Amino acid sequence: MSINVTVANMTSPEADSPSYILFAQHGWADTHTQISKLARVLTPSKAAMVSPDLGFVKTWWRIEPLVARVEKTAATYCKGTPHIPKRIVGHSMGGLIWLEVLNRNPQWWPQIESLTLVASPVGGADLGRIFDPLGWGIGIARDLGTNRRPIAERIAQQIPTQIIASDLDGGSDGTVTLQCTQFRNAQYVQLSGIHHSRLKCHPEVAAAIVNFWANPVHPTGHLTGPADPLCELVIEQLQAIPGMTDAHYRDFGKAQIWATLANGLTLRVWQNLAGVHHVFLADAEETCQFAGFVGWVHTDGLYKVLIRIQKAFAS
């Protein structure tokens with residue numbers, strides 16, 4: 324594994340102290356080349372940048388060895404320079420890797436000034452669940468399809484956290500759905516028209532990160548989308564359904580109303596040609612606020628929860 328380190332007058336943790344250390348991590352099917360360009364834009368002459376290259380091929384297999392490598396690199400700096408603030412930017416799976424690293428090392432949290440996740444499928448990538456619906460471990464699919472919201476929300480309670488996503492086609496950046504990037508306690512920035520692959524090194528992303536660093540506040544703890552507390556509560560219960568995966572909004576128009584809830588909310592369902600059941604939640608203006616699907620083995624569980632939601636929040 325190669326590590327790209329760019330530091331003003333500093334080539335090791337023991338050298339003259341930089342103003343901060345920026346960890347920039349690439350994701351799946353990638354190398355550190357583009358994320359390093361973004362990091363260099365973000366690091367002034369007195370800051371340090373550390374960008375491990377995990378290897379293009381190795382990102383296709385399992386996330387655990389990648390987490391271990393990043394953790395080992397981070398330990399060198401977190402243990403060797405505890406007095407220097409750290410900032411983290413992770414693109415796509417790179418953000419998931421850092422969630423795992425931080426979850427294992429809460430003793431490092433006081434050193435972390437900010438965490439930025441760029442197009443990271445924190446709730447679980449739908450493509451991962453499609454390629455490995457039963458979680459058998461087909462390549463990296465199972466790891467990308469894992470729901471890490473509980474980890475992210477816990478970390479974001481302590482570390483100022485930013486989410487950056489892009490809406491390219493009315494629900495995703497062309498690879499990752501908007502919904503799966505979202506979780507509580509984080510600042511959410513939604514850009515437009517930028518493909519997933521370009522987000523790793525884009526001027527608008529850099530500008531959003533700089534703005535966040537200037538005011539790294541903790542949000543209220545609510546979801547980024549719905550303002551209606553009941554809507555948020557229903558979404559929370561939908562997300563907790565075993566096997567639930569965030570979906571694209573594109574199929575919302577095909578769904579039929581299954582139940583009407585208070586405040587004008589409606590639960591809608593749709594089944595695709597493969598027999599996969601989808602559920603949508605719409606507000607009183609018939610705007611989709613949640614889209615998700617479960618695999619075949621979790622279909623019965625889905626409808627049990629829907630019946631429970633219907634009984635609890637009927638209009």
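In this note's numbering, the protein residues as written are 324 to 638.
Built from N, CA and C at the ideal position, the CB exists for glycine as well.
As the structure is a prediction and not an experimental result, all values here were calculated from the model.
1) From G587, N508, K395, pick the residue whose C-alpha is nearest to that of I474; which is it?
2) Cα-Cα, which of V412, R521, Q594, L584 is closest to D490?
3) How long is the line joining the alpha carbons of P336 and G462, rounded to whole angstroms?
4) Under 6 angstroms Cβ to Cβ from K577, same chain only, skipping five residues before and after it: list those, please.
5) Taking Y511 as part of the beta strand (DSSP E), name the residues at either end of that continuous run.
6) In whole angstroms, what separates the C-alpha of W384 from that of A563?
7) Can you check the segment 535 to 614 for any alpha helix (DSSP H) of at least 4 residues that lies completely inside it and give the ranges in chain order?
8) Per DSSP, G413 is paired with what?
9) According to DSSP, what are the bridge partners of T484?
10) Is the beta carbon of T396 sitting closer than 8 angstroms to the one on V380?
11) Taking its Cβ as the centre, do 16 or more other Cβ atoms sit within 10 Å of N586, making it buried, or is it exposed?
12) Looking only at DSSP bridge pairs, what is P473 linked to?
13) Closest to E387 by CA distance: which of P367, L422, I407, S359 is it?
14) Compute the Euclidean distance between the alpha carbons of L361 and H518, then round it to the nearest angstrom.
15) Verify whether the separation of the beta carbon atoms of A347 and T382 is less than 8 angstroms.
16) In whole angstroms, give me the CA-to-CA distance for A479 and T356.
17) Just the C-alpha distance for I580 and I420, rounded to the nearest angstrom, thanks.
18) Taking the alpha helix (DSSP H) that P388 falls in, what are its first and last residues?
19) So what's V364 in DSSP terms, helix, strand or just coil?
20) Which residue comes first and which comes last in the alpha helix (DSSP H) that contains V373?
21) Using a 10 Å radius around the Cβ and a threshold of 16 neighbouring Cβ atoms, would you call N470 buried or exposed?
22) Output needed for S342: all residues of its chain with C-beta closer than 7 angstroms, excluding positions within five of it in sequence on either side, in chain order.
23) Kindly indicate which three-state DSSP category V445 falls into: helix, strand or coil?
24) Report the rounded CA-to-CA distance for H601 versus T354, giving the unit in angstroms.
25) Considering only DSSP beta bridges, list what A637 is partnered with.
26) Alpha carbon to alpha carbon, what distance is there between E476 and A635?
Taking the definition as stated:
1) In the sequence shown, residue 474 corresponds to position 151, counting from 1. Cα-wise, what sits closest to I474 is N508.
2) In the sequence shown, residue 490 corresponds to position 167, counting from 1. Nearest C-alpha to D490: R521.
3) As a first step, residue 336 is located in the sequence shown; it is residue number 13 there, counting from the start. As a first step, residue 462 is located in the sequence shown; it is residue number 139 there, counting from the start. Confidence at P336 is low in this model, with a pLDDT of 48, below 50, so its placement is unreliable and no value can be given for it.
4) Along the sequence shown, one-based indexing puts residue 577 at 254. In its chain, beyond the 5 residues on either side, W593 have a beta carbon closer than 6 angstroms to the beta carbon of K577.
5) If you number the sequence shown from 1, residue 511 lands on position 188. Its beta strand (DSSP E) spans residues 510 to 515.
6) Here the question's residue 384 lines up with position 61 in the sequence shown. Here the question's residue 563 lines up with position 240 in the sequence shown. Between W384 and A563, the C-alpha separation is close to 27 angstroms.
7) 552 to 562
8) As a working mapping, residue 413 is identified with position 90 in the sequence shown. Per DSSP, Q348, L440.
9) Here residue 484 corresponds to residue number 161 of the sequence shown, with the count starting at 1. According to DSSP, T484 bridges with L438.
10) Residue 396 sits at position 73 when you count from the first residue of the sequence shown. Residue 380 sits at position 57 when you count from the first residue of the sequence shown. The answer is no: Cβ separation not under 8 angstroms.
11) By one-based count along the sequence shown, residue 586 stands at place 263. Exposed.
12) Position 150 of the sequence shown, counted from the start, is the residue given in the question as residue 473. Its beta-bridge partners do not exist; DSSP assigns none.
13) Sequence index remark: in the sequence shown, residue 387 carries index 64 (1-based). Among P367, L422, I407, S359, the Cα nearest to that of E387 is on L422.
14) Taking the first residue of the sequence shown as 1, we reach residue 361 at position 38. Taking the first residue of the sequence shown as 1, we reach residue 518 at position 195. Rounded to whole angstroms, the gap between the alpha carbons of L361 and H518 is 16 angstroms.
15) Mapped onto the sequence shown, residue 347 falls at position 24. Mapped onto the sequence shown, residue 382 falls at position 59. In this structure, T382 does not lie closer than 8 angstroms to A347 by Cβ.
16) On the sequence shown, residue 479 is found 156 positions in, with the first residue counted as 1. On the sequence shown, residue 356 is found 33 positions in, with the first residue counted as 1. Distance between the alpha carbons of A479 and T356 is about 28 angstroms.
17) Residue numbering aside, residue 580 sits at position 257 when the sequence shown is read from its first letter. Residue numbering aside, residue 420 sits at position 97 when the sequence shown is read from its first letter. Going from the Cα of I580 to the Cα of I420 covers about 38 angstroms.
18) By 1-based counting over the sequence shown, the position of residue 388 is 65. Segment 387 to 403, the alpha helix (DSSP H) holding P388.
19) The residue labelled residue 364 in the question sits at position 41 within the sequence shown. If DSSP states are grouped into helix, strand and coil, V364 belongs with the helices.
20) By 1-based counting over the sequence shown, the position of residue 373 is 50. Counting along the chain, no alpha helix (DSSP H) covers V373; the unbroken beta strand (DSSP E) around it starts and ends at 371 to 376.
21) Counting from one through the sequence shown, the residue named residue 470 turns up at place 147. The residue is buried, with at least 16 neighbouring Cβ atoms inside 10 Å.
22) Indexing the sequence shown from 1 puts residue 342 at position 19. The beta carbon of S342 lies closer than 7 angstroms to those of K369, A370 in the same chain, with the five residues before and after it left out.
23) On the sequence shown, position 122 is the one that residue 445 refers to. If DSSP states are grouped into helix, strand and coil, V445 belongs with coil.
24) Numbered from 1 along the sequence shown, position 278 holds the residue referred to as residue 601. Numbered from 1 along the sequence shown, position 31 holds the residue referred to as residue 354. Pairing H601 with T354, the inter-Cα distance amounts to about 35 angstroms.
25) The sequence position of residue 637 within the sequence shown is 314, counting from 1. Beta-bridge pairing links A637 to L584.
26) Looking up residue 635 in the sequence shown gives position 312. Looking up residue 476 in the sequence shown gives position 153. Taking the straight line joining both Cα atoms gives about 26 angstroms.
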